[in-house]
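As given, the protein sequences belong to chains A and B, one line each in that order.
The numbering used here puts the first sequence at residues 49 to 327.
The numbering used here puts the second sequence at residues 2 to 180.
Even glycine gets a Cβ: it sits at the ideal position worked out from N, Cα and C.
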Amino acid sequence: MNPETIKAVSDTVTNAESGGGAGWMMHHILDGRTLEFEPFGVIHLPELHLLGYDISITKHVIFIWLAAIILIFTLSLAAKAYKKSLVPKGLTNFFEILVVFVRDDIAKPTIGQGYEKFLPFLLTMFFFILVSNFLGLLPYGSTATSNIGVTSTLAVISFLVIQGGGMIKNGFFGYFKGLIPHGVPIPLIPIMFVIEILGLFTKPFALAVRLFANMTAGHVVILSLIGLIFILKTYFVAPVSVGFALFIYLLEILVALIQAYIFTMLSSLFIGMAVHQDH
Amino acid sequence: MYNLMAFLVFSGGEGGGSLLDINPGVIFWTTLTFLLLFFVLKKTAWKPILESLDAREKSIADAISSAEKAKEDAEKLLAENKANLAKAEEEAQKIIQQGREYSEKLKTQMLEESKTEAKKLVDDASAEIERKNKEMFLQLKNEVASIAVKAAEKLIMENLDEEKQSKIVSKYIEDISKN
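Shown next, in the form of structure tokens:
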């Protein structure tokens, strides 16, 4: 590729950026230091530092907290209803469906024996991702799970639970021994060991990227469709754009559910593989 | 070549941050929030909810098994009742049969008895008749004899004279006194 072409591409990109092309879109997707409630006003979030690290409260942190508060409030309310009677009603009934789903369709078949120990973790993960995903679909909302920092943190927690669960069950050395499948020829063992160790890390990496990409993609598509109106500078595109954006929005509701399910399901599956290594 | 790659990789991060930027603050807060959420929910929500679910499932399973047991018991009882009923029926049939046999026997016995009784009666009666007949005959014979005697006497009396008469009377008297 000759330098002329590179220069041309570079020019196009910088022109687009300086002309406010993709900037507004990024502004909506990226994390930020402000909570914007246009046209009502903007809240500036405080800046914090700890041991030389910037731990400022950002938009996504606020939405993580919001998700946590909603969950603690509604779930403890639902749990309290069980004290009155074992027959669920209303809100409790709704949460029970999801809890039973995570228990019977995710944890039980993938982990099998001893799934009860991991159930609180899986339930927390499922509900946290679910609520975070849905908060991004509300007006003025922001999807915390479309931040790679958030998803990779969740994936690392998941990774620690997977490895911890495997090591507690099989012992530290037994766990690593069990990584190599049975019946592998001896010369292949070192190679298999390296591959399996790599596999341990690619699993959570895939978890993080999958959640992040899925939650970002929907917003990017919606913003692109809306942006079409301004790029083409005509109102006639508006019905088409809004129609498609609505369709993608509905799709995002589905994706929000599916991604929460997939993240939990795969975590559970990896826990099952780490705990019961013989198959 | 390197220029292009460097441009592609870094151009996004130059302005207001890239999608792939990882902010240490976000990691810190996410970890903290998730762990807090985990421990709070584990205590306030998951434990009671899961325990209640287990308790309810157990109670449902218990109810089902107890219903099953009750059904089994009822079936057993029904079978027992049926067996009892059949037994009672059989018993009744037997009793009826026995009664019938007994009555039959009684009937024939009575018939037999009455027959012999009747025969005896008839025999007795015929014997009595025979006896009576004989008696009557004897009486009749005597009667006839006496009538004949009387008639003869009358005849004789008419033909006798006084002397003879007195003779005869005295003979009578003699006879009587003899007796």
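Asked, Found
"Give me the residue from Ser127/B, Glu73/B, Glu52/B and Ala119/B with the minimum Cα distance to Ser133/A.", "Glu52/B"
"Quick check: what's the CA-CA separation for Leu167/A versus Arg151/A?", "7 Å"
"Between Ser206/A and Ala192/A, is the Cβ-Cβ spacing less than 8 Å?", "no"
"For the candidate residues Phe260/A, Leu271/A and Val135/A, whose alpha-carbon lies nearest to that of Tyr297/A?", "Leu271/A"
"Checking contacts by CB at 8 Å: is Lys43/B closer than that to chain A?", "yes"
"Please report the straight-line C-alpha distance between Ile310/A and Ile112/A, rounded to a whole angstrom.", "20 Å"
"Could you please tell me which residues of the region 53-69 of chain B, in chain order, have their CB closer than 9 Å to any CB of chain A?", "Ser53, Leu54, Ala56, Arg57 and Ser60"
"Does any CB atom of chain A fall closer than 8 Å to the CB of Leu38/B?", "yes"
"With Ile91/A as the anchor, note down where its beta strand (DSSP E) starts and where it stops.", "Gly89 to His92"
"Can you pull the chain B residues whose beta carbon is under 7 Å from the beta carbon of Asn195/A, in chain order?", "Val27"
"Would you report the Cα separation of Met173/A and Phe142/A, rounded to the nearest angstrom?", "18 Å"
"Can you look up Phe169/A in the DSSP assignment and give me helix, strand or coil?", "helix"
"If the cut is a Cβ gap below 8 Å, which residues of chain A does Ile23/B touch?", "Ile196, Gly197 and Ser200"
"Quick check: the Cα distance between Glu113/B and Ala119/B, rounded to an integer number of angstroms?", "10 Å"
"Please list the partners that His108/A has in chain B, where partner means a Cβ-to-Cβ separation under 8 Å.", "Val27"
"Just reading off the alpha helix (DSSP H) that Glu84/A is part of, what are its end residues?", "Unbroken run through Glu84/A is the beta strand (DSSP E), Thr82 to Phe85; no alpha helix (DSSP H)."
"What whole-angstrom Cβ distance do Phe40/B and Phe169/A have, given they're in contact under 8 Å?", "With 8 Å as the limit, Phe40/B and Phe169/A do not qualify as a contact, their Cβ atoms being about 11 Å apart."
"Locate the alpha helix (DSSP H) running through Gly138/A, then write down its first and last residues.", "Gly138 to Phe149"
"Have a look at Met111/B and Glu131/B and give me their C-alpha separation to the nearest angstrom.", "29 Å"
"Comparing the C-beta of Ala80/B with each C-beta of chain A, is any distance below 8 Å?", "no"
"Within 10 Å of its beta-carbon, does Ser315/A have 16 or more other beta-carbons around it, so buried, or fewer, so exposed?", "buried"
"Taking Tyr101/A as the reference, give the member of Lys83/B, Ile23/B and Ile177/B with the closest Cα.", "Ile23/B"
"What does the Cβ neighbour count give for Leu171/A, buried or exposed, with the cut at 16 atoms within 10 Å?", "buried"
"Across the region 56-68 of chain B and the region 216-224 of chain A, are there enough close Cβ pairs to call them in contact, namely three or more that are closer than 8 Å?", "no"
"Leaving out five residues on either side along the sequence, give the residues of the same chain with a beta carbon under 7 Å from the beta carbon of Leu125/A.", "Leu139"
"Need the endpoints of the alpha helix (DSSP H) that Asp176/B sits in, please.", "Glu163 to Lys179"
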